[in-house]
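Reading through the structure tokens given below for one structure.
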Amino acid sequence: MRGLILAVQFLTRLPTPQLADFKPEWLAASARWFPAVGVIVGALLLAALRLGGLVDPWLAALLALLAWVMVTGGLHLDGLADLSDALGAAHRSRERFFEVLKDPHLGSFGVLSLILAVAAKLVLLMLAARHGGPAWGLLLVPAWARGFAVVWSATLPAIAPGSGERFAWRRDWAGMGLNLAALLALSAWLAPALLLAPLAGLAWWAFLKRRLGGMTGDCLGAGVELCEIAMLGALIILPALHTVLK
Numbered sequence: 129m130r131g132l133i134l135a136v137q138f139l140t141r142l143p144t145p146q147l148a149d150f151k152p153e154w155l156a157a158s159a160r161w162f163p164a165v166g167v168i169v170g171a172l173l174l175a176a177l178r179l180g181g182l183v184d185p186w187l188a189a190l191l192a193l194l195a196w197v198m199v200t201g202g203l204h205l206d207g208l209a210d211l212s213d214a215l216g217a218a219h220r221s222r223e224r225f226f227e228v229l230k231d232p233h234l235g236s237f238g239v240l241s242l243i244l245a246v247a248a249k250l251v252l253l254m255l256a257a258r259h260g261g262p263a264w265g266l267l268l269v270p271a272w273a274r275g276f277a278v279v280w281s282a283t284l285p286a287i288a289p290g291s292g293e294r295f296a297w298r299r300d301w302a303g304m305g306l307n308l309a310a311l312l313a314l315s316a317w318l319a320p321a322l323l324l325a326p327l328a329g330l331a332w333w334a335f336l337k338r339r340l341g342g343m344t345g346d347c348l349g350a351g352v353e354l355c356e357i358a359m360l361g362a363l364i365i366l367p368a369l370h371t372v373l374k
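To convert, count from 1 in the sequence shown and add 128; that's this note's numbering.
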């Protein structure tokens, strides 16, 4: 259970048992547990959504969003803001990109990305609460996104030191394959719209490969946020399209 404990500690603010010892390679090995931690996060989101839904869909969305931010500590939102600032201010200059990426101050592009990301999740969570069925996909959306982060770090070179490179050196292909199979099976059972989730992960991988030539920890965090929004949208839009086209 050491790997699961480390994964929970790295990805969330949830309380865990303290480990008596620590080795850097253990953190890399814990990456196979990232999707499982995503399921834990998703279960808490679904519980908050169901609780708020007893009163109103908007309250459900607000509670779920607050739970999302509190449980994760805004870890990936921070990456989204940093990457947005760097991309917005770089003007195709690689040196300028890394300079802004390392700047701890938040710029206008970062602020705008945070507002849009939070607003998108709030509205999509409200629609999930209103329609009921898509809400079950909340169990798997964080799991898919965290599984993508492991794949991105294993298949893209690290272009800057940071949290991303902590996992890049160890490639657990068997673990990634098992996680993919499990997520596909659970998606087919609970939320068939998420069978298309790998397309979101592939799209972000292609963007990082073409635009930056690799990844950083902020790139992984930004991808998690954007893929979560894309998957929430799929949970709402695809069933609606299916109903219209029937």
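C-beta: ideal position from N, C-alpha, C; glycine also.
Environment of residue i [buried if 16+ CB atoms lie within 10 Å]
| i | result |
| --- | --- |
| H204 | buried |
| T140 | buried |
| D184 | exposed |
| E356 | buried |
| K249 | buried |
| L306 | exposed |
| R338 | exposed |
| P145 | exposed |
| T344 | buried |
| W332 | buried |
| P262 | buried |
| G260 | exposed |
| A362 | buried |
| L134 | buried |
| I287 | buried |
Alpha helix (DSSP H) segment containing residue i, residue limits
| i | result |
| --- | --- |
| L182 | Per DSSP, L182 belongs to no alpha helix (DSSP H) and is neither H nor E. |
| A358 | G345 to L373 |
| W280 | V269 to T283 |
| H204 | L203 to A218 |
| P326 | A325 to R339 |
| W376 | Residue 376 lies beyond the stretch modelled for the chain, which goes from 129 to 374, so this question has no answer here. |
| M254 | S236 to H259 |
| K230 | R222 to K230 |
| A135 | R130 to L139 |
Nearest to residue i (by Cα), restricted to the options the options
| i | options | result |
| --- | --- | --- |
| A157 | A288, L142, T144 and S281 | S281 |
| V165 | A188, M129 and W333 | M129 |
| E353 | I365, A328 and L366 | A328 |
| V228 | L244, A247, G207 and V246 | G207 |
| H219 | F237, G202 and H233 | F237 |
| G351 | L190, P320, I168 and A209 | A209 |
| L312 | L193, A271 and F138 | A271 |
| A321 | W301, A309, G345 and V269 | V269 |
| A192 | V239, L215 and A247 | A247 |
| W301 | L284, V279, A310 and L318 | V279 |
| G131 | A257, L147 and G265 | L147 |
| L366 | A319, A331, W332 and A288 | A319 |
| F162 | L252, L314 and A273 | A273 |
| W186 | V372, I287, M359 and A257 | A257 |
| A245 | A309, T283, S212 and G260 | S212 |
| G180 | M254, D346 and T371 | M254 |
| L324 | L348, A310, M359 and H370 | M359 |
| L155 | L284, V169, G275 and V136 | V136 |
| R178 | F225, A277, P232 and L267 | L267 |
| R160 | T283, L284 and L308 | L308 |
Residue-chain proximity (residue i, chain B), Cβ-Cβ < 7 Å
| i | result |
| --- | --- |
| T140 | No chain B is part of this structure, which consists of one protein chain only. |
Beta-bridge pairing of residue i - partner residues as DSSP gives them
| i | result |
| --- | --- |
| A286 | M343 |
Cβ contact check for the segment 332 to 349 and the segment 183 to 202: 3 or more pairs under 8 Å = Result no; under three Cβ-Cβ pairs closer than 8 Å.
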